[in-house]
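Report on the following structure.
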Amino acid sequence: MNPVAIHTSTILAIEDDPVLGAYLHEELQRGGFQVTWCRNGLEGLETAGRQAFDVVLMDILLPGLNGLDALAQLRTRSTTPVILMSALGAEADRISGFQRGADDYLPKPFSMAELQVRIEAILRRVALERRHQPQQEAAGGGLQFDEGLSDVRFEGRLAGLTPSEYRLLEILNRNLDEVLSKPFLYQQVLQRGYSRHDRSLDMHVSQIRRKLKGIGYHERQIRTVWGKGYVLSASEME
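Just so we're aligned, residue 1 is where the sequence shown starts under full-length UniProt numbering, counting upward by one.
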């Protein structure tokens with residue numbers, strides 16, 4: 001099987017800091033990526049509307065249209081994976097980012113090595129998802145999985161999942177009524193090791209629950225099994 005073509009991937013970097021923006025552009029280009037650099041949210045949205053990208057890197061504190069609002073607008077028309085970058089370390093800011101559709105969150109300052117690892121993890125995950133079967137149905141639940149859209153539908157209504165949320169739900173659906181550990185899910189969904197201080201997976205679960213409820217799907221739920229992990233089940237776990 002051919003490896004993921006990481007070195008031909010296109011990245012949109014939306015960063016207003018001239019020093020960091022230039023550094024991102026130079027280092028990612030040197031790493032083999034094709035990089036487009038925009039300096040504000042509006043410019044970034046316009047660029048994303050004209051050209052398809054594999055990954056979007058977006059600062060939160062942008063002039064004019066901030067990164068969270070730009071992300072919300074982008075999500076109305078695109079499922080392109082988005083990594084938020086921010087010096088804001090509060091949990092509320094991370095939660096807000098995931099609520100608006102972020103796939104990952106990278107606090108500043110960060111190393112270029114970590115950024116590249118996270119980008120490559122997303123690219124591997126997306127490539128893997130595209131090789132899966134086009135659709136599957138949750139047993140007895142009527143929930144349709146659309147691999148092409150990276151989304152699920154119930155009675156004709158799309159949930160509006162992000163690629164990471166879709167991948168998480170799809171893995172849980174393939175293992176119905178089986179408790180999957182957080183370390184396993186971090187590796188399978190986020191392509192990185194589990195840290196007990198990392199709330200990314202919890203936030204994705206919260207968003208999936210909200211979105212499934214929003215389209216009226218109640219037959220199965222993602223349930224937390226304390227000290228063990230998560231399970232997609234129709235009944236409460238002991």
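Don't be surprised by glycine CBs; every beta carbon is placed ideally from N, CA and C.
Point to revise | Coarse secondary structure for residue 206, derived from DSSP in three states | key: In the three-state scheme derived from DSSP, where H, G and I count as helix and E and B as strand, residue 206 is classed as helix.
Check your understanding: How many whole angstroms separate the CB atoms of residue 229 and residue 180, which I take to be in contact at a CB cut-off of 8 Å?
Key -> The Cβ separation is near 5 Å, so the contact holds.
Practice item. Let me know the secondary structure DSSP gives residue 13 once reduced to three states. Key: In the three-state reduction of the DSSP assignment, residue 13 falls in the strand class, which pools E and B.
Review point. At what residues does the beta strand (DSSP E) containing residue 100 begin and finish?
Key: Secondary structure note for residue 100: it is in no beta strand (DSSP E), with a DSSP letter that is neither H nor E.
Check your understanding: Measuring CB to CB, does residue 70 end up less than 7 Å from residue 45?
Key -> The criterion of a C-beta distance shorter than 7 Å is satisfied by residue 70 and residue 45.
Exercise for review: Taking only the alpha-carbon atoms, compute the straight-line gap between residue 174 and residue 74 and give it to the nearest angstrom.
Suggested key: Distance between the alpha carbons of residue 174 and residue 74 is about 29 Å.
Review point. Would you say residue 61 and residue 41 are within 7 Å of each other, going by their C-beta atoms?
Key: Taking the C-beta atoms as reference points, residue 41 is found no nearer than 7 Å to residue 61.
Practice item. Sort out for me which residues DSSP pairs residue 152 with in a bridge. Key: 145.
Practice item. Say whether the region 116-128 touches the region 76-96, bearing in mind that this needs 3 or more beta-carbon pairs closer than 8 Å, one atom from each stretch. Key: Counting C-beta pairs closer than 8 Å gives three or more between the region 116-128 and the region 76-96, which meets the contact rule.
Check your understanding: To which residues of the same chain is residue 34 closer than 6 Å at the C-beta, ignoring the five residues directly before and after it?
Key -> Sequence-distant Cβ neighbours of residue 34 in its own chain, meaning closer than 6 Å and more than five residues away, are 10.
Point to revise | Sequence-distant residues of its chain with Cβ nearer than 7 Å to residue 165 (five each side left out) | key: Answer for residue 165: 204, 207 and 208, listed in chain order.
Exercise for review: Let me know the secondary structure DSSP gives residue 18 once reduced to three states.
Suggested key: Under the three-state reduction of DSSP output, residue 18 falls in the helix class.
**Study point:** Close beta carbons around residue 49, own chain, < 8 Å, minus the five adjacent residues each side
**Key:** Closer than 8 Å at the Cβ level, and outside the excluded window around residue 49, lie 77.
Exercise for review: Could you check which residue in 123, 224 and 20 has the C-alpha nearest to that of residue 87?
Suggested key: Selected option, being the one with the closest Cα: 20.
Review point. If you drop the 5 nearest sequence neighbours on each side, which residues of the same chain put their C-beta closer than 7 Å to that of residue 59?
Key: If we look at residue 59 and ignore the five residues flanking it on each side, its Cβ neighbours are 14, 15, 16, 67, 85 and 86.
Practice item. State buried or exposed for residue 105, treating a residue as buried only when at least 16 other CB atoms are found within 10 Å of its CB. Key: Classification for residue 105: buried.
Check your understanding: Thinking C-alpha only, which one of 232, 25, 98 and 18 is nearest residue 112?
Key -> That would be 25, whose Cα lies nearest to the Cα of residue 112.
**Study point:** Start and end residues, beta strand (DSSP E) containing residue 229
**Key:** Counting along the chain, the beta strand (DSSP E) containing residue 229 begins and ends at 229-233.
Exercise for review: Name the two residues that bound the continuous alpha helix (DSSP H) containing residue 50.
Suggested key: DSSP places residue 50 inside the alpha helix (DSSP H), whose first and last residues are 41-50.
Exercise for review: Measure the beta-carbon distance from residue 145 to residue 170 and round it to whole angstroms, keeping in mind my assumption that it falls under 8 Å.
Suggested key: Right, the Cβ-Cβ distance comes to about 6 Å (below 8 Å), so this counts as a contact.
Check your understanding: Where residue 223 and residue 201 are concerned, what is the direct C-alpha to C-alpha distance, given to the nearest angstrom?
Key -> Whole-angstrom Cα-Cα distance: 13 Å.
Point to revise | Closest by C-alpha distance to residue 32, when choosing among 8, 125 and 93 | key: Checking every option, the nearest Cα to that of residue 32 belongs to 8.
Practice item. Determine which residues share a DSSP beta bridge with residue 107 and list them. Key: Beta-bridge pairing links residue 107 to 86.
Check your understanding: Relative to the C-alpha of residue 100, which residue among 157, 79, 197 and 110 is closest?
Key -> Of the listed residues, the one whose Cα sits closest to residue 100 is 79.
Practice item. Find the nearest neighbour of residue 109 within the set 167, 182, 23 and 157, judged by alpha-carbon distance. Key: Between residue 109 and the set 167, 182, 23 and 157, the nearest pair of CA atoms involves 23.
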